[in-house]
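One structure is given here, and the rest of the page talks about it.
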Amino acid sequence: MTKEEQKHLYEGMYILSATLSDEARQKALDKLLSGISDKAGEIHKVHEMGRRKFAYEIDGRREGYYYVIFFSLPSLKMKDLWKEYHLNEDLLRFSTLTVEEVQESLEFKQLLEQ
1376 MTKEEQKHLY EGMYILSATL SDEARQKALD KLLSGISDKA GEIHKVHEMG RRKFAYEIDG
1436 RREGYYYVIF FSLPSLKMKD LWKEYHLNED LLRFSTLTVE EVQESLEFKQ LLEQ
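Under the numbering used here, the first residue of the sequence shown is numbered 1376, with each subsequent residue one higher.
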């Protein structure tokens, strides 16, 4: 297997705009998933974490919809995926980490009110 073909397991956290309708939010999520699949990636698990308040304002917004996606992707395709993310107006923030295993369940801790 060449370096171009070697896949790594990733955990991606995505925050979509809270101003999207349910239908538009589903389309935005589908766009994220197809972006991975189109680059020879494989989706393992999608966790919808729901609408959450931010700890601080992001681009004038106080809330967003959180998703955590576990996927495999050839490592050299990640750069192309990030370029797509930066062009996606519905995607407020994203983070991608290399992980060892897919988490079957996730929970967010509540932020303390200040």
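For every residue, glycine included, the Cβ atom is placed at its ideal position computed from N, Cα and C.
message: Pull the bridge partners of Val1443 from the DSSP assignment, please.
response: BP columns for Val1443 point to Met1388, His1422.
Reduced DSSP secondary structure (H/G/I, E/B, other) of Ala1430: If DSSP states are grouped into helix, strand and coil, Ala1430 belongs with the strands.
query: Using the beta-carbon count (16 or more within 10 Å), is Arg1437 buried or exposed?
result: Arg1437 should be labelled exposed.
message: Do Tyr1460 and Leu1451 have their beta-carbon atoms positioned less than 9 Å apart in this structure?
response: Going by C-beta atoms, Leu1451 is not nearer than 9 Å to Tyr1460.
field: Residues that DSSP places opposite Leu1472 in a beta bridge
entry: As DSSP reads the structure, Leu1472 sits in a beta bridge with Glu1386.
message: Does Leu1408 come out as helix, strand or coil in the three-state DSSP assignment?
response: Residue state for Leu1408 is assigned as helix, using DSSP reduced to three classes.
- prompt: With a Cβ-Cβ cutoff of 9 Å, do Gln1401 and Phe1445 count as a contact?
  reply: With respect to Phe1445, Gln1401 sits apart: the two C-beta atoms are not nearer than 9 Å.
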